[in-house]
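Okay, so here's the structure we're looking at.
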Amino acid sequence: MKKIILALLLLVAIQALRAQTPKIVIETDSGKIVLELYDNTPLHRNNMLKLVKEKFFDSLLFHSCIPNFVIQGGDPDSKFATPGQMLGNGELPYKINAEINDSNFHQRGALGMARDNNPEKSSSACQFYIVTGRKFTD
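First residue of the sequence shown: 10, per this note's numbering; consecutive thereafter.
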């Protein structure tokens, strides 16, 4: 009986932790994308939540779509882009310090923040990508 109660308590605790994981929803013409923001990247998580709350991403485009690799969005210049306009260089005036760790890796569905070749490996404050790479069956 004690084992059953312990298992139930563990299940409730796991569900409570899952409920606390912040999620954001991207609504597109092709449907909704639900993204979880993890606690082990608090600077990135908090920045994304701040920008979402400010409605920064509303009406921005996915300006780069590479099949079986990534889709990228968040360029503020894309909000009022004209057809054929080069996108991908718009930025906010700050970067997010690197939070690279071994538990997060790029797999299909992963969310990441874009970065250039800066030596600190700091991320863009606003441009993000979603890995769409092919699924592996092995």
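Beta carbons are placed, not taken as given, at the ideal position from N, Cα and C, and that holds for glycine.
Quantities reported herein were computed from a predicted structural model and do not represent experimental measurements.
DSSP lists no beta-bridge partner residue for V61. Between L52 and E108, the gap from beta carbon to beta carbon is short of 9 angstroms.
The Cβ neighbour count for V79, taken over all protein chains shown within 10 Å, is at least 16; the residue is labelled buried. Burial check for M122: the Cβ neighbour count within 10 Å reaches 16 or more, so the residue is buried. Comparing alpha-carbon positions, the option among I33, D38 and N110 lying closest to S68 turns out to be D38. Shown here, L70 sits in coil according to DSSP, grouped into three states, outside any helix or strand. Relative to the Cα of N49, the nearest Cα in the group N106, N110 and I33 belongs to N110.
Residue H72 holds the alpha-carbon nearest to the alpha-carbon of G93 among I42, T30, H72 and L58. Secondary structure note for E36: its beta strand (DSSP E) is the uninterrupted segment K32 to T37. The alpha-carbon separation between G118 and I139 amounts to approximately 6 angstroms. In the DSSP assignment, E45 falls within the unbroken beta strand (DSSP E) covering G40 to E45.
With a 10 Å radius around the Cβ and a threshold of 16 neighbouring Cβ atoms, G40 comes out exposed.
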